[in-house]
Structures are given as C-alpha cells and as structure tokens.
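These protein sequence lines map, in sequence, to chains S and Z.
Quick note on numbering: my numbering labels position 329 of the first sequence as 363, and the sequence is numbered without any gaps.
Quick note on numbering: my numbering labels position 36 of the second sequence as 39, and the sequence is numbered without any gaps.
For every residue, glycine included, the Cβ atom is placed at its ideal position computed from N, Cα and C.
This one's a predicted model, so the numbers in the text were calculated from it and none came from an experiment.
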Amino acid sequence: MKSITIKKLYTLHSWVGLITGILLFVIAFTGAVAVFTRPELKIWANEEIRAEIPIQSHKIATTIEQYAEKVGPAYLEEVHIRLPSTRNSETARVIYEGHFDTPNGGEEHKGTVYEFHPLNWSLVTENDMETFFNLEKYDMSTFLAHFHADLHLGRPLGFILTGLLGLTLMVSIVTGLFIHRKILAQLFTFRISKTFSLMLNDGHKVMSVWAVLFHSVIAFTGAFLGLATVILVPAAAYVGFNGDQEKLLETFTAIKAPIIANVAQPTKLADIIDISIQQRPDLTFDNVSIMGYGDQNALVYISGDGSDQLGGETLVYHGATAEYIRTQAKFGRLEGITGKILDAMFPLHFGNFGGLLVKSIWAILGLSTALVPITGLMLWIERGLNAQNPTHSKRTYQNFNKLLIGSCGGVVLATVALFIAQLLFNKVMPNQDHTDMIFITFFGIWLGALILPFIINQALALKAIVLGSGLLMVLIMPLDALLTGSHIFNVFETQHYVSVSVDLTMLFLGTLLLVVYSKMTQKHRALNSMPISTTAIEGGA
Amino acid sequence: MIIVCKQWLNTVFCRFNSDARTASMQRKNITFNGFKNRTFLAIVLTLIASVVMIPGMATYLPLHKNDAIGLPTLFFPFIWTALFIYSYMARSITKVWLVMSALILIHIACIYFALSGNTP
C-alpha cells in the first residue's frame, strides 16, 4: 500500500479517535457494566428480589382475572404480563390494553398498567399507559443501562449519538486494520517493562487486535440498535409500508392478534404456565402476552430465554383450551435471513445468551473496547509532549490530558459511587423513588472528578480517583452487610447468592484497584527522581 | 444536448481539480486536499446517501419482501462506514461528489417510481 494512503488512513484514524475517544470510553465502560444490569445488578439493588422468586401460576391467573373485571372488556384485547421470577424488575407488571378508533380514521392504543409486589402480588402502583411509559423511575441498575443506551439525553438525540459512535468505531476498526498490517507480530508484542510510550503503543495494538472481532460486533450491533428506531425503521417503512411504521413493526413482530370470536370463554392461564414450565425446563420464562383475554379464540404467547435459540423462544397456546400450537423465535419465524440476524442483535450486543460465563467474557472484552480509545489518546498526548516540533502547544496536550483523566476516571468513580448511594438510599428512604438522588449522585461526582485535574496536580488527581474508586468498591461488601444484614456468612440461609456474588466481585475489583494505586505511587516516586517529566500522566505535573 | 452536458461537466471538473491543485500547492505537507469539502461529504452527504439507500434498495433487491426491507437496514452501518472512508480516501473530490450524488439520485428515483406505482 502506498505511503500516502497509509498516512491518510493514519490521520483519519487519529482524528476519529480524538473526536470520539472520550465518549467512546464512557459508552463502552458503562456498556461493560450494563452487561450485568439485568438481572444481577437489579437483584443487588432491590432487597425484596434478592432471594429466588417462584412462579405462582394460580396466583398470577387469579390476579389477572380480578383486574380484568376491573378494567372492563374494552381493555382485554392485549394483556401483557412481566413475570417477577426472572427478577429483571423490582415489581411484577401487568398491562391491559385496548385499541380504539380515532376521529381521523386511525387507531389509538390505550390501557392501564398495574405494578404488583413480586412475592405477594399486592398492588403497588396503577397508571394509565401514557403516564407509565413517560415516568422516569430509576435505581442504579436501570440508570446505568439507560445511560449506556442514550446517555440520558432521550430520544432521538441520545440514540443518534450512541448510534453514530458505533459507526465511528467501525471507521476506527477499518482504518486501524489497514494501518496495523503486521497483525500476527502485534498479537504477541507487549513490552510492559520498557518505556511508558512503548507500553501504551503495544497495549493499544494488543487490545485492538486480539478483540477485533468483538469490537466489530459491538460497533455494528451498537450502531444498529442506536439508530434502528430513530432512522432505520422509519426509512425502511417509507417504501415497503408507505411510511406506516406500525404496520412494519406488526409484520416483523412475533405476537399476532387472533380474530376475536366475541364468545366468552375463560383463558386457562395457570395451566398454560404450568405446562410450559413442565415441557421446557431449559427456558426461564419472563413474559406472557394474552391476545383477546377471555375470548374463545384467545392466543397466549409465553416467552423465555436459556435455550440455544439466540434471542429466546416463544411458546404459543390456544388460550381457551391450553392446547400447545407452536414454538417460535422472536423474528426467526419470518421467511428469509433478516429475522435470524435480528434475533441475534440483542444477545450479541449484551452477551446474554450463554449464562454468566459469556457475560463475564463480554464485560472483560467490553473493558478492552473502552481502553483502546484511551490508550490511543494517551499515545497521542505522549507523542505530542515528547515531539521536537509538536503540532499543538504543550498546554493543549496538558489540558487534553486533564480532560481525559477527569472525564474517564470520573465516570468510573461515579459508577462505583452509585453502589454505595443505592445502599444508603434504600436504608434512609425505603419504598421511595430514588431517581433524582441517583442522578445527582452520578452527575455530581462525575462533574467533581472532571474539574479536579484542573484544580490540583493532574497526577495527584488521577491517583485520588483511583484510590477513591478502589476504596468505595471495597466498602460495598461491609456496608451491604451492615445495612441489609445480607452477607457471605448467612448466604445459605438468605439465599442471596446473586447479591453476595456482586459484593464479592466488587471487593475483588476494589482490591485490584488499590494494588494499582500502590504501584502508581511507587512509580510516581521513581518518576519524581527523574530530571524531566516524560509520560502523558506526568506531562503536566 | 449530451455534448453540451459533457462540456459543462468538463468545465466544472476542471475548476474543481484546479481548485484542489492550487489549494494543495498553497498548503504543502497536508494529507488531504479539500479537507472541508471532504468533511462535508463525509458527514452530510454520506448520511443522506446511506439513509436514502435503505428504502431505495428495498425496491430492487431480488429477495423475499422481509429481506428486501430488512437487509438494507442491516447494511446501513457498512454502507455508511464505506462511504465515510471513501470521502477522505478518494483521490478526486469530484469523483466522491459524483458517486454520492448518483447514489442519492438513483435511489430517490427508485423510491419515486415505487411509490407512484410506475416502472421506469
């Protein structure tokens, strides 16, 4: 390849990295944490769902019947139940939905949303659909999941931004592959004991090359998931469905409404749930949809994850007789290859298709996706500070370094602080909405960390952020034991296996960070004895 | 008519090329000629072209309806990436303008004919 082409690719790679690097770290880091938001962190953040929750089929069926009488027949066209047994949310949720004609000839979906206690199915909240879906109610796990998806900027801005970041990551991968052509040699080159610059250089290449397939999958699925609802689906619907997005979604969606017979016949919901559990022990059921509840032709769709089918499976039953009809994938039932690819999108992005092991691999690889832009940016600063004729002034590189430390270190510190904050809010303000407090904690700490390197010595600021993150992580386990009474010594009694595992993981990671801090302190002392500062971290010290 | 169009296009191309040459001569040691022009192409026209191509491709892909609609949406990230890199890597900016404009116009035409129910 001609040297000018390589130079162009290198410049493009650098500029894309410089512009998007920090944001990419923020998205990738929160993504690595978001892998565990459902259900692990959700379980950890909510005491009432820490122990296993059995599926109480008869209790569910009785509750659905009781509230169906309350909402009336107009709202029984669709009944959607989110089962509490998967512990993906702190409540069991039931939506009663009806379709109503509008004066301009269209159709409007209206309904009521009930939230129940996950164990005793007592009513917690009641809202109409519009109010419910506009409610922003977060605990730390949902906050992190939403922050990863749209940075809490909402739709469409947040989704467009994260989608575009996926696209720019694809550009970085393609240009990077052309620049670093000696891939095989780079796979096994990591000179950790040489200079800081070489370590950064090798680290950047090793993490890029070893995980290139993962980075590519995350970039593609991230770009698709970010832009799907705001750009891709409206564009696709433009010709195929004359702009009717609802019709397009209806065609691609797995849940079809039956032709209502208008003959009343009870839906055998309890039997269907019991049969499903008995017939498919490999599946963990999370959602039930009943189309035409209480009608002779009602169809019941019960969805679950855990089998080999990416994206989960849905069992379809005849509601009135509990007769099994078929099993279908979400999109895979469609003719053609598109459905199969769409089914794979979510699991490939979130790594929730092969249990805890795959999730852990996804989180570790996700951290490497976060570290690749950081090492790239640090290399750029390092080279700029040490160049004889740098492109920019020394002050520019130093300020960029401060921004890098504050923004990237800050997001780690703020994420860890959310764990402590959640435990305290649960204790101090039980059964209350913590959304505002969660927002204030996260963004307050992030902002503080962002400003810190501009106020004090940046090397000191970095050390403070690392030390703070490490200490907070180590503190999570004892604080949890103190405030909730749940700890490793009574885990067999409480059966809080998931939350105790989260505590242990945080303790391990915290200890690791404290070791890093200790090494940094040693290195800092050694560097202080050198006459000239030479590293990106020390550049502005 | 065709000859007149060709002459006009030649004049425009020459002006583009001469502009680019002059600019590159004025600023030596730059990697990209017409950087602002290329950035506009990479950011604005690339997005327009790749979005227009989604419904446009659905009209001519010889596949099952689900795939004809679904696959272009899945191709979108690849098309965007390819066009973005092409905007900066192509030697001639004029060529990039031509390719982008052609892609946009052809796909808009496909959409128009599909919606109006006529065949071109």
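The beta carbon of residue 166(S) is closer than 6 Å to those of 147 in its chain, skipping five residues each way along the sequence.
Identification of chain Z residues near residue 179(S) by a Cβ-Cβ cut-off of 7 Å yields none; the smallest Cβ-Cβ distance measures about 22 Å. Between residue 141(S) and residue 294(S), the gap from beta carbon to beta carbon reaches 9 Å or more.
In the three-state reduction of the DSSP assignment, residue 70(S) falls in the coil class.
Contact annotation, residue 273(S) with residue 62(Z): C-beta distance approximately 6 Å; criterion of less than 8 Å satisfied. Residue 250(S): member of the alpha helix (DSSP H) spanning 246–261, first to last residue.
The Cβ neighbour count for residue 464(S), taken over all protein chains shown within 10 Å, is under 16; the residue is labelled exposed. Within the segment 257–268 of chain S, those residues whose Cβ lies closer than 8 Å to any Cβ of chain Z are, in chain order, 257, 258, 261, 262, 265, 266, 267. From the beta-carbon of residue 270(S), the residues of chain Z found nearer than 8 Å are 57, 58, 61, 72, 73, 75, 76.
In the DSSP secondary-structure assignment, residue 313(S) is not bridged to any residue.
The Cβ atoms of residue 119(S) and residue 320(S) lie closer than 9 Å to each other. DSSP places residue 103(S) inside the alpha helix (DSSP H), whose first and last residues are 91–105. By the neighbour-count definition (other C-beta atoms within 10 Å, threshold 16), residue 56(S) is a buried residue. The beta carbon of residue 59(S) sits closer than 6 Å to those of 404, 407, 408, 442, all from its chain and outside the five residues before and after it, given in chain order. Closest in alpha carbon position to residue 91(S), among 543(S), 115(S), 49(S), 78(S), is 115(S). Scanning its chain for C-beta atoms nearer than 7 Å, with the 5 sequence neighbours on each side dropped, one finds around residue 77(S) the residues 83, 84, 121, 532, 533, in chain order. Between residue 88(Z) and the set 49(S), 300(S), 192(S), 159(S), the nearest pair of CA atoms involves 49(S). Per the Cβ contact rule, the segment 265–285 of chain S is not in contact with the segment 303–321 of chain S (fewer than 3 Cβ pairs under 8 Å). In the three-state reduction of the DSSP assignment, residue 350(S) falls in the strand class, which pools E and B. Partner residues in the beta bridge of residue 323(S), as assigned by DSSP, are 114(S), 335(S). At least 9 Å separates the CB of residue 40(Z) from every CB of chain S.
Going by DSSP, residue 281(S) is part of no beta strand (DSSP E) but of the alpha helix (DSSP H) stretching over 279–286. Take residue 472(S), set aside five residues on each side of it, and the residues of its chain with a beta-carbon closer than 8 Å to its own are 172, 173, 174, 177, 452, 455, 456, 459, in chain order. At a beta-carbon threshold of 9 Å, the residues of chain S lying near residue 35(Z) are 42, 45, 46, ordered along the chain. The segment 487–499 of chain S makes contact with the segment 422–440 of chain S: 3 or more CB pairs, one atom from each, lie closer than 8 Å.
Judged by beta-carbon spacing, residue 192(S) lies beyond the 9 Å limit of residue 400(S), meaning their Cβ atoms are not closer than that value. Annotation for residue 433(S): no beta strand (DSSP E) segment contains it, though the alpha helix (DSSP H) segment containing it runs 428–438.
Between the segment 48–61 of chain Z and the segment 93–111 of chain Z, the count of Cβ pairs shorter than 8 Å is three or higher; the stretches touch.
Under the three-state reduction of DSSP output, residue 425(S) falls in the coil class, being neither helix nor strand. Of all alpha-carbon atoms in 107(S), 252(S), 125(S), 211(S), the one lying nearest the alpha-carbon of residue 151(S) is that of 125(S).
Checking the DSSP bridge columns, you'll see residue 360(S) partnered with 350(S). Annotation for residue 214(S): no beta strand (DSSP E) segment contains it, and DSSP assigns it neither H nor E. Chain Z has a Cβ within less than 9 Å of the Cβ of residue 285(S).
For the segment 84–110 of chain Z, the residues whose beta carbon sits under 8 Å from a beta carbon of chain S are, in order, 84, 87, 88, 91, 92. The straight-line gap separating the alpha-carbon atoms of residue 479(S) and residue 468(S) is approximately 16 Å.
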